[in-house]
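In the numbering used here, the protein residues as written are 379 to 591.
Ideal Cβ positions, reconstructed from N, Cα and C, are used throughout, including at glycine.
Quick caveat, the model's predicted, so the values are computed rather than measured.
A quick write-up on the structure given underneath.
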Ligand code: ADP
Ligand code: ZN
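See the structure below:
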């Protein structure tokens with residue numbers, strides 16, 4: 379399976395990719411995760427990208443494109459991939475198309491996770507990540523009294539720097555301006571599946587699988 383997950387911040391791309399990668403046995407490639415890892419390791423790429431990320435802006439295309447090109451050449455990607463957070467601009471989509479042509483591995487599907495904007499803001503302000511196992515949680519759906527640790531592994535839960543409300547608003551604006559044009563771009567190619575994504579992670583995954591057949 380070679381799939382792109384498209385959708386606004388908070389639409390559930392990372393959660394769905396995590397669920398789907400076990401089913402399709404392919405690589406989960408999250409450009410946001412790669413940047414965050416580089417940032418915490420203080421690599422040159424991470425330091426450059428961090429400036430843009432903390433303002434809710436996009437990292438410049440040339441940095442992202444070079445990074446994805448390298449990542450696609452790693453052995454696990456030959457079994458297929460779930461692209462989470464890339465492409466995010468028309469130039470990225472053009473460069474991605476050229477990479478796939480060169481590798482002779484066409485895309486199977488582009489899945490658009492479609493969701494109401496007010497739900498997005500609620501999801502993002504309540505989003506927490508486990509420092510130990512990496513799982514993504516929503517504070518509102520944690521039933522335990524102690525909401526500072528991971529319900530699964532008791533690791534520390536933290537909030538991403540770019541999930542502060544002011545930064546969230548900017549990320550949504552950037553999505554509308556720069557990323558949403560990709561919807562009609564991929565619709566023209568005829569591989570776009572639009573999935574209503576406000577239900578639970580498992581229900582949304584079931585809808586994706588039903589749509590792909
Ligand atoms: P979300 O989809 O919730 O906004 P991501 O983890 O995908 O979160 O991305 C976090 C940040 O990383 C983005 O706001 C942006 O600054 C940067 N980033 C990730 N992917 C890309 C990309 N393809 N192009 C440019 N910037 C990116
Ligand atoms: Zn955990």
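- By the criterion of a C-beta distance shorter than 7 Å, residue 536 is surrounded in its chain by 506, 507, 509, once the five residues flanking it on both sides are discounted.
- Screening all residues for a C-beta within a distance smaller than 6 Å of any heavy atom in the ligand ZN leaves 508, 510, 511, 513, 528, 530, 531, 533, in chain order.
- Between residue 416 and residue 427, the beta carbon gap of about 7 Å places them in contact (Cβ cut-off 8 Å).
- Taken through DSSP and simplified to helix, strand or coil, residue 516 comes out as strand.
- In this structure the stretch 395–402 touches the stretch 569–588; the number of beta carbon pairs closer than 8 Å is three or more.
- When distances are taken from the beta-carbon of residue 551 to the heavy atoms of the ligand ADP, even the shortest one reaches 7 Å or more.
- For the alpha helix (DSSP H) assignment, the uninterrupted runs of no fewer than 4 residues enclosed by the stretch 386–423 are, from N- to C-terminal side, 391–402, 409–418.
- Set against 7 Å, the gap from the CB of residue 506 to the closest heavy atom of the ligand ADP is not smaller.
- Per the coordinates, the alpha-carbon of residue 418 lies some 33 Å from the alpha-carbon of residue 573.
- Between the stretch 430–447 and the stretch 486–495 there are fewer than three C-beta pairs closer than 8 Å, too few to call the two in contact.
- In the DSSP assignment, residue 505 falls within the beta strand (DSSP E) that extends over 505–508.
- For residue 545, the uninterrupted alpha helix (DSSP H) run begins and ends at 543–552, by DSSP.
- Taking the Cα of residue 459 as reference, the smallest distance to any Cα among 543, 382, 582 is reached at 382.
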